[in-house]
Amino acid sequence: MYLNLLNEEAKEVFLDLCINLAESDDDFCQKEKNLIDQFCQEMNIKHRYMAKLSLDKSLNRLNELCDERGKRAVTAEIIGLVIADEVISDSESKILQQITEKFSISHIEMEKLIGLVNELYELSTNYICLFDYLFISP
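According to numbering that gives the first Met the number 0, the sequence shown is numbered sequentially starting from 0.
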């Protein structure tokens, strides 16, 4: 949703971060792949599921490439990826903590962002249910 704020290199590095995150809990599920596909489509970049950069290198590079708005956009989208499978693993929590530290996001700001992304996810889910009820269900 906000990935158009990123330049071309940052888009590729963001994709690396997503792939590293999705693989971190040894459960690169279809919901995560679908969301990564949506990210690639939004960013108009080639789809892939193999990271070119490690987690640490991708975080460091994004920290260099992004301004504060870009860092917030990356963080919001990463939170969406974390909650995509409806389970936040220990490894995903650790990565969110690394992002918080690397991007100098306060704990309070991160909690607020997680809450907002959760609300957006719930709203989206409810919208889909309403659409299905109105137009698909017999």
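For each residue, glycine too, the CB sits at the ideal point set by N, CA and C.
**Prompt:** Are L64 and E8 close, meaning C-beta to C-beta below 8 Å?
**Reply:** Taking the sequence shown and counting its residues from 1, one reaches residue 64 at position 65. Taking the sequence shown and counting its residues from 1, one reaches residue 8 at position 9. Going by C-beta atoms, L64 is nearer than 8 Å to E8.
**Prompt:** Which first and last residues belong to the alpha helix (DSSP H) in which N6 is found?
**Reply:** Start at 1 with the first residue of the sequence shown, and residue 6 comes out as number 7. No alpha helix (DSSP H) holds N6; DSSP gives it neither H nor E.
**Prompt:** By how many angstroms is the C-alpha of L54 removed from the C-alpha of V12?
**Reply:** Locating residue 12 in the sequence shown gives position 13, counting from the first residue. Locating residue 54 in the sequence shown gives position 55, counting from the first residue. Their backbone Cα atoms lie some 10 Å apart in a straight line.
**Item:** Where the alpha helix (DSSP H) containing R60 begins and where it ends
**Value:** Within the sequence shown, residue 60 is the residue found at index 61, counting from 1. It spans L54 to L64 - the alpha helix (DSSP H) in which R60 sits, taken as one unbroken run.
**Message:** Cutting at 8 Å between CB atoms, please list the residues of its own chain near Y120, excluding the five before and the five after it.
**Reply:** For this step, residue 120 is matched to residue 121 along the sequence shown. Excluding sequence neighbours, Y120 sits near G79 and I82.
**Request:** List the whole-angstrom C-beta distance separating T74 from L112, where the pair is believed to meet the contact cut-off of C-beta under 8 Å.
**Result:** To locate residue 74, count along the sequence shown from 1; it is residue 75. To locate residue 112, count along the sequence shown from 1; it is residue 113. Confirmed, Cβ separation roughly 6 Å.
**Prompt:** Quick check: the stretch 81 to 98 against the stretch 121 to 135, are there 3 or more CB pairs under 8 Å?
**Reply:** no
**Asked** Does the Cβ-Cβ distance between K101 and L58 come in under 8 Å?
**Response** Numbered from its first residue, the sequence shown carries residue 101 at position 102. Numbered from its first residue, the sequence shown carries residue 58 at position 59. Result yes, Cβ atoms of K101 and L58 sit closer than 8 Å.
**Message:** Counting C-beta neighbours from all protein chains within 10 Å, is the total for G114 16 or more, i.e. buried, or is it exposed?
**Reply:** Translated into positions along the sequence shown, residue 114 becomes position 115. G114 comes out exposed.
**Request:** Report buried or exposed for L133, applying the criterion of at least 16 other Cβ atoms within 10 angstroms of its Cβ.
**Result:** Your numbering for residue 133 matches position 134 in the sequence shown. Burial call: exposed.
**Prompt:** Secondary structure at N125, three-state DSSP: helix, strand or coil?
**Reply:** Along the sequence shown, read from residue 1 onward, the residue named residue 125 stands at position 126. Three-state result, N125: helix.
**Request:** Could you tell me the boundaries of the alpha helix (DSSP H) in which N33 lies?
**Result:** Residue 33 sits at position 34 when you count from the first residue of the sequence shown. Where N33 is concerned, the enclosing alpha helix (DSSP H) stretches over Q29 to M42.
**Message:** Less than 8 Å between the beta carbons of S23 and E91, yes or no?
**Reply:** Position 24 of the sequence shown, counted from the first residue, corresponds to residue 23. Position 92 of the sequence shown, counted from the first residue, corresponds to residue 91. Yes, Cβ-Cβ distance for S23 and E91 is below 8 Å.
**Item:** Residue interval of the alpha helix (DSSP H) (run including R71)
**Value:** Here the question's residue 71 lines up with position 72 in the sequence shown. Element bounds for R71: E67 to I82.
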